[in-house]
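J.: Every letter in the sequence shown is one number past the one before it in numbering that gives the first Met the number 0, and letter 22, counting from 1, is 21.
The C-beta atom is built at its ideal place from N, Cα and C for all residues, glycine as well.
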Amino acid sequence: MQAKFDLIVVGSGILGTFHAYHALLRGLKVLLLEKDNYPVGATVRNFGQAVPSGMVDQWFWYGVKGLEVYQALQKEFDISVRNNGSVYIASDKDEQQLIHELKTHYDTVGYACDLLSSDQVLKKYPAIRSSYVQEALFFPQEVSLEPDKMIHRVHAYMQSRFENLTLNYNAPVIGAEQLNEGVCVRRSNGTSYLGAKLVICNGNEFKLLFPDIFSASGQMVSKLQMLRTVPMPKVELEGNILTGLTIRRYESFEMYCPSFNQIGTPEHYLELKKWGIHILFKKATDGSFIIGDSHEYADSNQVDDLGFQISSYINRLMLNEAQRIVNFDVQQIAGSWAGYYPQHPEKNIVEVNVTDDIHIRTCIGGKGMTAGIGYTEASIQQLFDH
Ligand SMILES: Cc1cc2nc3c(=O)[nH]c(=O)nc-3n(C[C@H](O)[C@H](O)[C@H](O)COP(=O)(O)OP(=O)(O)OC[C@H]3O[C@@H](n4cnc5c(N)ncnc54)[C@H](O)[C@@H]3O)c2cc1C
0 MQAKFDLIVV GSGILGTFHA YHALLRGLKV LLLEKDNYPV GATVRNFGQA
50 VPSGMVDQWF WYGVKGLEVY QALQKEFDIS VRNNGSVYIA SDKDEQQLIH
100 ELKTHYDTVG YACDLLSSDQ VLKKYPAIRS SYVQEALFFP QEVSLEPDKM
150 IHRVHAYMQS RFENLTLNYN APVIGAEQLN EGVCVRRSNG TSYLGAKLVI
200 CNGNEFKLLF PDIFSASGQM VSKLQMLRTV PMPKVELEGN ILTGLTIRRY
250 ESFEMYCPSF NQIGTPEHYL ELKKWGIHIL FKKATDGSFI IGDSHEYADS
300 NQVDDLGFQI SSYINRLMLN EAQRIVNFDV QQIAGSWAGY YPQHPEKNIV
350 EVNVTDDIHI RTCIGGKGMT AGIGYTEASI QQLFDH
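1) Do three or more CB pairs link the region 121-136 to the region 60-75 at distances below 8 Å?
2) With burial defined as no fewer than 16 other Cβ atoms inside 10 Å of the residue's Cβ, what is the status of R44: buried or exposed?
3) At the level of alpha carbons, what is the spacing between L301 and I372?
4) Throw me the rounded Cβ distance for the S143 and Q48 pair, which I believe falls under 8 Å.
5) Tell me which same chain residues have a C-beta within less than 7 Å of the C-beta of L223, skipping the five on either side of it?
6) Return the CA-CA distance between P257 and E100, expressed in angstroms with no decimal places.
7) Can you tell which of S310, P171 and V29 has the C-alpha that lies nearest to the C-alpha of D35?
8) Got a sec? Which residues, its chain only, sit under 7 Å from N314 by beta carbon, not counting five neighbours each side?
9) Measuring straight from C-alpha to C-alpha, what distance separates L166 and A195?
10) Just to confirm before moving on: does the CB-CB distance between G15 and C200 stay below 8 Å?
11) Where does A111 land, buried or exposed, given buried means 16+ other C-beta within 10 angstroms?
12) Determine the extent of the alpha helix (DSSP H) in which W60 is found, giving its start and end residues.
13) With 16 other CB atoms within 10 Å as the buried threshold, where does F46 fall?
14) For the putative contact between S221 and V349, defined by C-beta atoms under 8 Å, what is the C-beta separation to the nearest angstrom?
15) Considering only heavy atoms of ligand 1, does any lie closer than 7 Å to the CB of N201?
16) Would you say the beta carbon of P45 is closer than 7 Å to some non-hydrogen atom of ligand 1?
17) What does the alpha-carbon distance come out to for the pair G386 and Q140?
18) Run the CB neighbour count on P38, radius 10 Å, all protein chains shown included, and call it buried at 16 or more, exposed below.
19) Between the region 203-217 and the region 268-277, do at least 3 Cβ pairs fall closer than 8 Å?
20) Does K282 pass the burial test, meaning 16 or more other C-beta atoms within 10 Å, or should it be called exposed?
21) Answer yes or no: do V329 and L316 have a C-beta to C-beta separation smaller than 8 Å?
22) So, is K102 buried or exposed, given that buried needs 16 or more other C-beta atoms within 10 angstroms?
23) Just to check, is the beta-carbon of Y296 closer than 7 Å to a non-hydrogen atom of ligand 3?
24) Among G181, L30, S117 and V153, whose alpha-carbon lies nearest the alpha-carbon of N163?
25) For D298, list the residues DSSP reports as bridge partners.
26) Just list the residues that DSSP pairs I240 with in beta bridges.
27) Determine the direct distance from the alpha carbon of T42 to that of G367, and round the result to whole angstroms.
28) Where DSSP assigns a beta bridge to S191, which residues make up the other side?
29) Under the three-state reduction of DSSP, which class applies to M225: helix, strand or coil?
30) Which ranges does the beta strand (DSSP E) cover as unbroken runs of at least 3 residues, wholly within the region 16-41, from first to last along the chain?
31) Below 8 Å on the Cβ atoms is my contact criterion, and I expect V325 with R152 to pass it. Report the Cβ-Cβ distance as a whole number of Å.
32) Would you kindly check if the distance between the Cβ of V80 and the Cβ of Y87 is under 8 Å?
33) Exposed or buried, what is N260 when buried is set at 16 or more other beta-carbons lying within 10 Å of its beta-carbon?
34) Assign P232 to one of three DSSP states: helix, strand, or coil.
35) As a quick exercise: from E134, E67, G65 and D106, pick the residue whose alpha carbon is nearest that of K92.
36) Looking only at C-alpha atoms, which of A71, A89, G306 and F138 sits nearest to S116?
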């Protein structure tokens, strides 16, 4: 048995990393264990859009907290965060109606946003086609980050700042047992550690720890297809770009817009909706564009049914719709990948207290890069203050 920690965290995606971060801020001694060479899960495969405007209830406020922490960290260490805002571009009368209704909601809440006329959109975002845009809703305070860089830089920052952190990669955890004196955690190489508490932030890995709990939990796993163009530094389209199908999909529109359930679906959108497609753009620092995404679902007990292949058909559907929105050549693709995240049909997150000191915190769905930081702060408060 090796050294004793106040907190052991399994998984170094955004949820594991920021559980560790908030515990370290309290002066706790933390061990963070990652099974892979470095994190390669959902936390590095996403758009890198931090968009509280798309979220509801407490998850919106967790997102607002996330914006604050991202910007504070960026001031101390370059973790790749940029503040270029988010824009929802409406392409027809129904989508216009919804952005007006969302603006009314956020005016009441006091969360800054501005309606942009089509002329204003074209001036601010010259890469958008005039034939697409009717009007837009802009959130100036929202940020983006580089998903392939951010978590690695946060790890580097945490290692330089906190003496109380031990971070081990290549460390699959295959056992956890409650003892009288705390929790014993066992790695696949036989090394064991003792922690006062254990938090398991395992993303969509359900086979190594407490498989019976996950098997019965009702979770689903979603597979998303993503594309990246070659660098196009001259194309002017900065920030988080969200479009008509996103307005018809995100929870904030569904919950806060009275017209949401009255609007019909144009014929053109039917095949796209069948594959869970909505079109987002995020320009990376090298000038390439991340374009996506689609959603296919499987029960978490049958996750391999989602397959490992990229469907060219789905990519074509996404790129054809993307080309309807922007005036640069979206067919110049450098790569495509699939990301997977777990989600629960009824819950915003899966929290299981296996014993007094063993806690599962996973399944944050498609909102982790936005709401993960705020949520983990609240989770650490709940674990250590109650
Ligand atoms: C394509 C795509 C686009 C997205 N876009 C956005 C976006 O723009 N904005 C947004 O807010 N959210 C977005 N999301 C959602 C967001 O990426 C996820 O909610 C978030 O990354 C989940 O983080 P996590 O820490 O729970 O999981 P992961 O990132 O999957 O991390 C889990 C980690 O745990 C490790 N692990 C698991 N089991 C063990 C074990 N037994 N021992 C040791 N290590 C273990 C894994 O190796 C992994 O590194 C997107 C997701 C995808 C897939």
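T.: This is what the structure gives:
1) Pairwise C-beta distances place the region 121-136 out of contact with the region 60-75, as fewer than three of them are shorter than 8 Å.
2) buried
3) Checking the sequence shown, residue 301 turns out to be Gln, not Leu. Using only the alpha carbons, I get a separation of about 29 Å.
4) Going by Cβ atoms, the distance from S143 to Q48 rounds to 6 Å, so yes, they are a contact pair.
5) G291, D292, S293, H294, A337 and G338
6) Those two C-alpha atoms are separated by around 7 Å.
7) P171
8) Q224, L226 and S335
9) 17 Å
10) With respect to the 8 Å criterion, G15 and C200 are classified as neighbours on the basis of their beta carbons.
11) exposed
12) From DSSP, the alpha helix (DSSP H) with W60 extends over D56 to E75.
13) buried
14) Contact flag wrong, Cβ pair sits at about 14 Å.
15) yes
16) The question names Pro, but residue 45 in the sequence shown is Asn. Indeed, a heavy atom of ligand 1 lies less than 7 Å from the Cβ.
17) Nothing can be reported for residue 386: it is not among the residues displayed for the chain, which extend from 0 to 385.
18) P38 comes out buried.
19) no
20) Counting Cβ neighbours within 10 Å, K282 comes out buried, since at least 16 surround it.
21) No, the Cβ-Cβ distance between V329 and L316 is not below 8 Å.
22) buried
23) Ligands displayed in this structure: ligand 1; ligand 3 is not among them.
24) L30
25) M219
26) DSSP output for I240 lists V86 and F280 as bridge partner(s).
27) Looking at the two C-alpha atoms, the distance is approximately 8 Å.
28) According to DSSP, S191 bridges with R185.
29) strand
30) 29-32
31) That belief does not hold up - the Cβ atoms of V325 and R152 are roughly 29 Å apart, past 8 Å.
32) Their beta carbons are not under 8 Å apart, which means Y87 does not touch V80 by this criterion.
33) N260 should be labelled exposed.
34) coil
35) E134
36) A89
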